[in-house]
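Trainee: Please find one structure pasted underneath; my questions will follow.
2 protein chains.
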Amino acid sequence: MAPEAGASLPQILLTLAAILAGAKLVGELAERVGQPAVLGELLAGVLLGPSILGLVHPDAPWLGLLAELGVIVLLFEIGLETDLKRLLGSGGTAATVALVGVALPFLMGFGVGEAFGLPRLPSIVVGAALTATSVGITARVLSDLGRLQDAESQVVLGAAVLDDIVGLVILTIVSRMVAGGEVTLASVGTTTAIAFGFVAAALLVGRVVVPPLFGLLARLGNPASLAPMALALALLVSVLAAQVGSALIIGAFTAGLLCAPTAQRHDIEQGVTRLGHFFVPIFFVSVGAAVDVRTFANPAVLGIGVALVAVAVVGKVLAGFAPVWFKGRKLVVGVGMVPRGEVGLIFAQTGLASGVLDAGLFSAVTLMVIVSTFLAPPALKALLGPRPGRPGAEAGGSASLVSEA
Amino acid sequence: MAPEAGASLPQILLTLAAILAGAKLVGELAERVGQPAVLGELLAGVLLGPSILGLVHPDAPWLGLLAELGVIVLLFEIGLETDLKRLLGSGGTAATVALVGVALPFLMGFGVGEAFGLPRLPSIVVGAALTATSVGITARVLSDLGRLQDAESQVVLGAAVLDDIVGLVILTIVSRMVAGGEVTLASVGTTTAIAFGFVAAALLVGRVVVPPLFGLLARLGNPASLAPMALALALLVSVLAAQVGSALIIGAFTAGLLCAPTAQRHDIEQGVTRLGHFFVPIFFVSVGAAVDVRTFANPAVLGIGVALVAVAVVGKVLAGFAPVWFKGRKLVVGVGMVPRGEVGLIFAQTGLASGVLDAGLFSAVTLMVIVSTFLAPPALKALLGPRPGRPGAEAGGSASLVSEA
């Protein structure tokens, strides 16, 4: 009943209908040509976005909220499917990939900035934008391909989560530099400790509190209540994470890890997966809609953009080879780290909003984000081959007319 | 990423967590004491709302959007479970209940206004607020009790839908009177024809278009896509309904009727029901949060409020007895028509916003809406008894630890 600021309620509902239908249709088409559905959803976002059809405006507050719910649901689902012991077991490998995957792209991006004659601060922001990994996109592709439980996937997920935590530390530091603030070793240490400490503390407390809590809820009554309660937990942990200086998506992933060992995991997963079918595509469409394809007409933008794409891919792929002791396919790990997605766009937007990046540099960074994001799904698909047949695997396969249990 | 106007994103997410957890917890408690879950969700809204805890503000735009999605999902679900042939079969009975259930409460409410010495226009608005039936609340209670397929429920649903259409016509006319505009027989006729014509036209066109459309989608690929596509259809039909002068919820119900005979109904229902577990409680919490319990401290408000409650109950219960030929339990039909819910609140708000109702009269009408809404669920429960055992019935029962298929 309450009208939405800016757009009227019917307009919002119509846009939402277009997002859902567009994401599902282009997603299905992507699967028909052998690509992960998420690629189609990103493309649907580009098509619906301001630079082509102009139906979806990625900065509308209502879309921001629904997209944020989408990425929270997605990371919660991923956490729910993650075995914490296996994740910690691949911790050394993942940490190596993450650290090399931050250091190499940062240095290479900074080098590209210097080579193109940029001042110091823009070069740092460009380098920082290259450090991110979009855990959402990689995890979604691995899930679409039915590969979440592979050894390579565990390393990629662990490294991508670490990368998100490290990325936040870098974002905090870069934001302070951009604002002209003082960056001391102590402030960097505090930011880092908070980011990692939150996950550790939440896991320690939650492992004790969460399973009995859901056991009690299950005895209280209705199994249909479990998924909404789990989502409430995910929202709570997400906000706590953001409040202590970590990120919403880290909190959502942690909440998923907490619900994974509960006896009610199956009921939670059933409900949250259906919710994800609705919310998650909204997130990917909004990421796609943030892309303005018109900015690529400028040759200067294209030049530095192509250089950034090259170091974006090379830097992360090399990081995949850093843990020399790892027995799995190192190329899969490296390629899995390539997509920058929304995290890269946040760096670009921070730079643009503060004036450190001009419109051209912003476009070049955006080009790097888009190409790396769009390159990874088909590359992973080509490396990993078709989805292995797994009865009872999560939805997302291409089996037609098969009703889900 | 985009901050929400007014409240910050973390605040919104935290409020949403409180709404989900509160609705589920108080809903479960309501079921434990033998009441429908919706009663608990309404109570959770009152508790969380501005007059008690102050955590949920019912006029926040984001909450309005999520609540609107909730009522659209709910009415779509109800339409999906409705057999159009049976609904039309009880058409004469339903139409009689609806028309008497509009005329009697209107005249009685107008009479109360005259008796308390109100001017003509406020008396008309008060009478109009008494005509509404909240199809959402009644349908949800019948669904909670597993009674949607009963003969009485079909009459109540049919009458409540007609009532919503008639209510819109009345709202349009009253709004015109309140604005000082001219109300002619021709304008009333046009408004009525549009409201009924939309449903008829949508059903005629949709019955031809929708089943092959979903057949094509099912062949295209993923059954997980069907529910989001059905929701996109529901949003589209809802907006079309609103655009031609009918209401969003009428469109959502119509879209459900259209999907009911498709071969993919089961997949659609599975997905949309899970979505409903999330969105529908948000709607009922927001209805509950619109209640300000503090206004009832005024004795003058209480006097006219109690008189309105009496005619609200008596008028609709008598309407249940109007179709003398109906073989079912007429008292169930009458009580099913009692809750005014959000529709009554819209009348009250229109009156308040235009200045026709002062704060006291607004509170009296609100009291009528609350009591009628809170009275109906336990009364129906008492009349209908416990939920009949139906294997594979929709979620909402109290079987614990039983995982849903």
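Chains as they are written, first to last, in this note's numbering: chain A, 1 to 405; chain B, 1001 to 1405.
Cβ atoms here follow ideal geometry from the backbone N, Cα and C, with glycine treated the same way.
Beta-carbon separation of B:F1362 and B:T1295 under 9 Å?
Mentor: yes
Trainee: Rounded C-beta distance between A:M368 and A:L275? I'm assuming under 8 Å.
Mentor: At roughly 32 Å, the Cβ-Cβ gap does not stay under 8 Å, so A:M368 and A:L275 are not in contact.
Trainee: Among the residues of its own chain, which have a CB less than 7 Å from the CB of A:A300, if the five just before and after it don't count?
Mentor: G360
Trainee: Go ahead and pull the three-state DSSP assignment for A:G92.
Mentor: helix
Trainee: Assess contact between the segment 1052 to 1069 of chain B and the segment 249 to 259 of chain A, defined as three or more Cβ pairs (one per stretch) separated by less than 8 Å. Is contact present?
Mentor: no
Trainee: Measuring straight from C-alpha to C-alpha, what distance separates A:G117 and A:A310?
Mentor: 18 Å
Trainee: Compare the C-beta of B:K1024 with all C-beta atoms of chain C and state if any pair is closer than 9 Å.
Mentor: As a matter of chain content, chain C is missing from the structure shown, whose protein chains are A and B.
Trainee: Whose C-beta lies closer than 8 Å to the C-beta of B:R1340 among residues of the same chain, with five residues either side of it excluded?
Mentor: A1129, L1130, A1132, T1133, S1134, A1312, M1368, V1369, S1372 and T1373
Trainee: Kindly say whether B:L1148, judged by its beta-carbon, lies nearer than 9 Å to any beta-carbon of chain A.
Mentor: no
Trainee: Terminal residues of the continuous alpha helix (DSSP H) containing B:W1325?
Mentor: Looking at the DSSP string, B:W1325 is not in any alpha helix (DSSP H), and its letter there is neither H nor E.
Trainee: Would B:L1080 pass as a contact of B:V1209 if the rule is Cβ separation under 9 Å?
Mentor: no
Trainee: Excluding the five sequence neighbours on either side, which residues of its own chain have a C-beta within less than 6 Å of the C-beta of A:R421, listed in chain order?
Mentor: Because chain A in this structure spans residues 1 to 405, residue 421 of chain A falls outside the shown range and cannot be described.
Trainee: At 9 Å on the CB atoms, spell out the chain A contacts of B:Q1035, in chain order.
Mentor: Near B:Q1035 there are no residues of chain A at all, since even the closest Cβ is about 12 Å away, more than 9 Å.
Trainee: May I ask you to report which of helix, strand or coil DSSP gives B:E1114?
Mentor: helix
Trainee: If contacts are defined as beta-carbon pairs under 8 Å, then B:V1071 and B:I1249 qualify, I think. What distance do you get, rounded to the angstrom?
Mentor: With 8 Å as the limit, B:V1071 and B:I1249 qualify as a contact, their Cβ atoms being about 6 Å apart.
Trainee: Answer yes or no: does any C-beta atom of chain A fall closer than 9 Å to that of B:F1347?
Mentor: no
Trainee: Given that a residue counts as buried once 16 or more other Cβ atoms are within 10 Å of its Cβ, and exposed if not, what is B:G1189?
Mentor: The C-beta of B:G1189 has fewer than 16 other C-beta atoms within 10 Å across all chains shown, which makes the residue exposed.
Trainee: Select from B:G1054, B:L1029, B:L1020 and B:Q1011 the residue whose C-alpha is nearest the C-alpha of B:D1292.
Mentor: B:G1054
Trainee: Under 9 Å, Cβ to Cβ, is there at least one residue of chain A near B:A1224?
Mentor: yes
Trainee: Grab the span of the alpha helix (DSSP H) containing A:H277 for me, first residue to last.
Mentor: R265 to A289
Trainee: Compute the beta-carbon to beta-carbon distance between B:Q1154 and B:R1207, rounded to the nearest angstrom, for a pair I have assumed lies under 8 Å.
Mentor: Contact doesn't hold; Cβ gap of about 19 Å is too wide.
Trainee: What runs of the alpha helix (DSSP H), each 4 residues or longer, lie entirely inside the segment 1102 to 1185 of chain B?
Mentor: With a minimum length of 4 residues, the continuous alpha helix (DSSP H) runs that stay inside the segment 1102 to 1185 of chain B are 1120 to 1131, 1135 to 1144 and 1151 to 1178.
Trainee: Ordered along the chain, which non-local residues of its own chain (more than five positions away) have a Cβ less than 6 Å from that of A:L384?
Mentor: Counting only Cβ-Cβ distances below 6 Å, and skipping sequence neighbours, we find L145 and R147.
Trainee: Indicate whether at least one CB of chain A lies closer than 9 Å to the CB of B:P1323.
Mentor: no
Trainee: Of all Cβ atoms in chain A, is any one closer than 9 Å to the Cβ of B:I1012?
Mentor: yes
Trainee: Along the chain, where does the alpha helix (DSSP H) that runs through B:A1241 open and close?
Mentor: L1226 to Q1243
Trainee: Mind listing which residues of the segment 1063 to 1080 of chain B have their C-beta closer than 9 Å to chain A's C-betas, in chain order?
Mentor: Here the close residues are L1063, G1064, L1065, L1066, A1067, E1068, L1069 and I1072.
Trainee: Quick one: grab the DSSP three-state call for B:G1320.
Mentor: helix
Trainee: Check whether chain B comes within 9 Å of A:G54, counting only Cβ atoms and requiring the distance to be less than that.
Mentor: no
Trainee: Rounded to a whole number of angstroms, what is the C-alpha to C-alpha distance between B:G1049 and B:A1230?
Mentor: When rounded, the distance between both Cα atoms is 32 Å.
Trainee: So, is the C-beta of B:S1238 closer than 9 Å to a C-beta in chain A?
Mentor: yes
Trainee: Using the beta-carbon of each residue, which ones in chain B are nearer than 7 Å to A:M271?
Mentor: The sequence given here places Gly at residue 271 of chain A; Met does not occur at that position. Those are R1274 and H1277, listed as they occur along chain B.
Trainee: Just reading off the alpha helix (DSSP H) that B:Q1011 is part of, what are its end residues?
Mentor: L1009 to R1032
Trainee: Taking only three categories from DSSP, how would you classify A:L55?
Mentor: In this structure, A:L55 counts as coil in the three-state DSSP scheme.
Trainee: Using three-state DSSP, classify B:E1081 as helix, strand or coil.
Mentor: Three-state result, B:E1081: coil.
Trainee: Measuring straight from C-alpha to C-alpha, what distance separates B:Q978 and B:G1305?
Mentor: Nothing about residue 978 of chain B can be reported from this structure: the residues present for chain B run from 1001 to 1405 only.
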